[in-house]
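Novice: So the protein lines, in turn, are chains H and G. Take 2 as the starting number for the first sequence in the working numbering and just add one per residue. Take 2 as the starting number for the second sequence in the working numbering and just add one per residue. All C-beta atoms, glycine included, are put in the ideal place defined by N, C-alpha and C.
Number of protein chains: 2
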Amino acid sequence: MTQHPERNEDPIKSALSGDDGIDFTIIELFFFAYRDFTSDPDQILGEYAFGRAHHRVLHFVNRRPGLTVAELLDVLKITKQSLARVLKQLIDTGHIVQVQGPRDRRQRELYPTAKGRGLALALAAPQSRRIAAALAEAAPGDRAAIERFLLGMVNPEQRTQIDDQTATGDDRRREAG
Amino acid sequence: MTQHPERNEDPIKSALSGDDGIDFTIIELFFFAYRDFTSDPDQILGEYAFGRAHHRVLHFVNRRPGLTVAELLDVLKITKQSLARVLKQLIDTGHIVQVQGPRDRRQRELYPTAKGRGLALALAAPQSRRIAAALAEAAPGDRAAIERFLLGMVNPEQRTQIDDQTATGDDRRREAG
DNA sequence: AAATTTATGTCAGCCTTGTTGACATAAATT
DNA sequence: AATTTATGTCAACAAGGCTGACATAAATTT
């Protein structure tokens with residue numbers, strides 16, 4: 002036998018592969034796909050001295066106009082101190098405005114301005130183009146499969162939240178309010 | 002008409018939706034899916050005082066044992082100074098070893114140790130489970146569609162690099178030496 | 001009415017992980 | 001012998017996370 006018990010410090014020369022019971026193919030594809038997906042808007046953000054954090058805030062404020070600070074924190078899963086920095090910059094540059102909550106005057110409802118709406122669209126455009134290109138090579142019906150898969154990757158507790166946003170595009174917040 | 006020309010500072014109350022010609026559904030699903038996907042290993046990494054940067058290095062060293070520092074930098078697209086910090090920690094903790102390149106003695110080939118292999122597997126396991134669960138809800142044939150889509154999202158220049166890794170699992174580096 | 005809780009803001013400091021620039025060394029190449 | 005290449009390292013900086021502490025106004029509870 003060429004094999005002998007390896008010491009802990011010995012280099013392992015064999016590659017980790019799908020044979021190890023782990024789905025490395027999709028793990029790796031997911032990594033590379035997401036990295037290039039986020040690289041598109043990074044170019045544009047650089048011109049504004051903004052980063053990905055600004056992008057995420059701007060995205061969700063445009064997707065759910067009028068959400069409160071607490072709701073935004075819940076979606077982004079960051080602390081209010083982290084949010085404060087980027088949100089302040091977006092407000093100072095006139096991309097987002099705050100409106101005192103009508104029912105609860107402690108709340109601050111967040112809305113995009115025309116400027117903020119424009120930037121959100123500009124940032125999303127190349128991502129949408131990339132998705133369209135990837136889907137163009139796909140078979141009809143692939144889209145449904147991809148949406149199912151991506152939703153299946155999300156923690157179940159969070160899925161309803163997403164369903165609300167992606168199922169249709171209109172503003173249905175608090176209609177029963 | 003209720004509508005009047007909006008000033009730049011005015012809040013926009015309508016939500017950005019797919020009607021704007023942008024594929025917000027998949028943009029958002031991709032964001033949430035990736036966030037939860039990366040949250041799995043974060044738990045484990047915390048116990049080692051490691052971060053995602055360590056995970057990425059460990060992953061690729063296990064997937065391509067013997068790659069050089071330059072090759073790893075090319076895959077990760079970070080600077081050598083950024084890599085140096087986390088790589089040093091992984092070496093100091095016995096997860097990765099360096100071997101002087103046999104052909105070019107300036108090069109450092111990177112290999113996982115048994116410890117590093119074990120951690121890489123532990124980190125990948127929950128991600129693989131998440132993927133399996135998402136695929137379990139899918140139709141047969143969905144997997145192929147998903148792989149096509151994810152590969153289609155990657156910059157074309159980088160696809161060959163990925164194909165090499167994911168097509169099969171065995172170590173085929175430099176067989177033509 | 002008073003006390004408490006809630007939503008938000010803000011100050012201060014810390015950590016990780018990215019960046020650039022400069023310089024050192026050994027090995028390969030010209 | 002001179003130059004280029006692969007790697008390492010020092011120093012400084014920035015973005016964007018984090019925790020802890022404290023302030024304020026408004027809502028809620030007692």
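By the criterion of Cβ-Cβ separation under 8 Å, what are the contact partners of Glu148(G) in chain H?
Specialist: The answer, in chain order, is Thr26, Ile27 and Leu30.
Novice: How would you label Gln82(H), buried or exposed, when you count the other beta carbons within 10 angstroms and need 16 or more for buried?
Specialist: With fewer than 16 Cβ atoms within 10 Å of its Cβ, Gln82(H) is classed as exposed.
Novice: Take every Cβ of the region 103-120 of chain H, pair it with every Cβ of the region 104-118 of chain G, and state whether three or more of those distances are shorter than 8 Å.
Specialist: Taking 8 Å as the limit for Cβ pairs, the verdict is that the region 104-118 of chain G does not touch the region 103-120 of chain H.
Novice: Pull up the DSSP beta-bridge partners for Tyr112(G), would you.
Specialist: DSSP, once it has assigned bridges, lists Val98(G) as partnering Tyr112(G).
Novice: Could you give the first and the last residue of the continuous alpha helix (DSSP H) run that contains Glu48(H)?
Specialist: First-last of the alpha helix (DSSP H) with Glu48(H): Phe25 to Tyr49.
Novice: Which residues, in order along the region 55-69 of chain G, keep a beta-carbon less than 7 Å from a beta-carbon of chain H?
Specialist: The residues in question are Asn63, Arg64, Arg65, Pro66 and Gly67.
Novice: Does at least one heavy atom of the ligand FMN sit under 7 Å from the Cβ of Gly102(G)?
Specialist: This structure lacks the ligand FMN; in fact it carries no ligand of any kind.
Novice: So Gln159(G) contacts chain H; which residues on that side make the cut at Cβ distance below 8 Å?
Specialist: Within chain H, the residues near Gln159(G) are Phe33 and Asp37.
Novice: Kindly indicate the opening and closing residues of the alpha helix (DSSP H) around Leu73(H).
Specialist: Counting along the chain, the alpha helix (DSSP H) containing Leu73(H) begins and ends at Val70 to Leu77.
Novice: Can you pull the chain H residues whose beta carbon is under 7 Å from the beta carbon of Asp21(G), in chain order?
Specialist: Result: Leu122.
Novice: Starting from the beta carbon of Arg109(H), find every residue of chain G whose beta carbon is closer than 7 Å, and list them in chain order.
Specialist: The premise fails here: Arg109(H) is roughly 12 Å from chain G at the closest Cβ pair, so nothing lies under 7 Å.
Novice: Short of 7 Å Cβ to Cβ, which residues in the region 73-102 of chain G face chain H?
Specialist: The region 73-102 of chain G vs chain H, Cβ under 7 Å: Gly95, Val98 and Val100.
Novice: Mind checking whether Pro66(G) and Ala16(H) have CB atoms under 8 Å apart?
Specialist: In contact: Pro66(G) and Ala16(H) (Cβ atoms closer than 8 Å).
Novice: Between Gly119(G) and chain H, is there a C-beta pair that is closer than 8 Å?
Specialist: Judged by the 8 Å Cβ criterion, Gly119(G) is not in contact with chain H.
Novice: Please confirm if the region 82-98 of chain H is in contact with the region 123-139 of chain H, defined as three or more CB-CB distances below 8 Å between the two stretches.
Specialist: Segments in contact, no.
Novice: Under 8 Å, Cβ to Cβ, is there at least one residue of chain G near Tyr49(H)?
Specialist: No - not a single Cβ of chain G is within 8 Å of the one on Tyr49(H).
Novice: Is any beta-carbon of chain H found at less than 8 Å from that of Gln44(G)?
Specialist: Chain H contact via Cβ: absent.
Novice: Given Ile1(H), which residues of its chain have a CB within under 8 Å of its CB, disregarding the five upstream and five downstream residues?
Specialist: This structure does not reach residue 1(H), given that chain H is present from 2 up to 178, and the question cannot be answered.
Novice: Which residues in chain H have a C-beta closer than 8 Å to the C-beta of Gly52(G)? List them in chain order.
Specialist: Here the premise fails: no neighbours, minimum Cβ distance about 15 Å.
Novice: Does any C-beta atom of chain H lie closer than 8 Å to the C-beta of Ala16(G)?
Specialist: Chain H contact via Cβ: present.
Novice: Once the 5 residues before and after Phe25(H) are set aside, which same chain residues still bring their CB inside 6 Å of it?
Specialist: If we look at Phe25(H) and ignore the five residues flanking it on each side, its Cβ neighbours are Gly19.
Novice: Taking Ala71(G) as the reference, which of Thr80(G), Asn63(G) and Arg64(G) has the closest Cα?
Specialist: Taking only the C-alpha atoms, the option nearest Ala71(G) is Thr80(G).
Novice: Is the separation between the beta-carbon of Val62(H) and that of Ala34(G) shorter than 8 Å?
Specialist: Taking 8 Å as the Cβ cut-off, Val62(H) and Ala34(G) do not qualify as a contacting pair.
Novice: In the DSSP assignment, the alpha helix (DSSP H) including Val87(H) goes from what residue to what residue?
Specialist: Lys81 to Asp93 is the extent of the alpha helix (DSSP H) around Val87(H).
Novice: Between which two residues does the alpha helix (DSSP H) harbouring Asp143(G) extend?
Specialist: Counting along the chain, the alpha helix (DSSP H) containing Asp143(G) begins and ends at Asp143 to Met154.
Novice: Take the Cβ of Asp75(H) as the centre, count every other Cβ of all protein chains shown within 10 Å, and call the residue buried at 16 or more, exposed below.
Specialist: It is exposed - the Cβ of Asp75(H) has fewer than 16 other Cβ atoms within 10 Å.
Novice: Please report whether the beta-carbon of Pro12(G) lies at a distance below 8 Å from any beta-carbon of chain H.
Specialist: Output row for Pro12(G): interface = yes.
Novice: Say whether the region 128-145 of chain G touches the region 44-54 of chain G, bearing in mind that this needs 3 or more beta-carbon pairs closer than 8 Å, one atom from each stretch.
Specialist: Because the criterion of three Cβ pairs below 8 Å is not met, the region 128-145 of chain G and the region 44-54 of chain G do not touch.
Novice: Leaving out five residues before and five after Phe150(G) in sequence, what residues of the same chain have Cβ atoms less than 6 Å from its Cβ?
Specialist: So the list is empty, once near-sequence residues are dropped.
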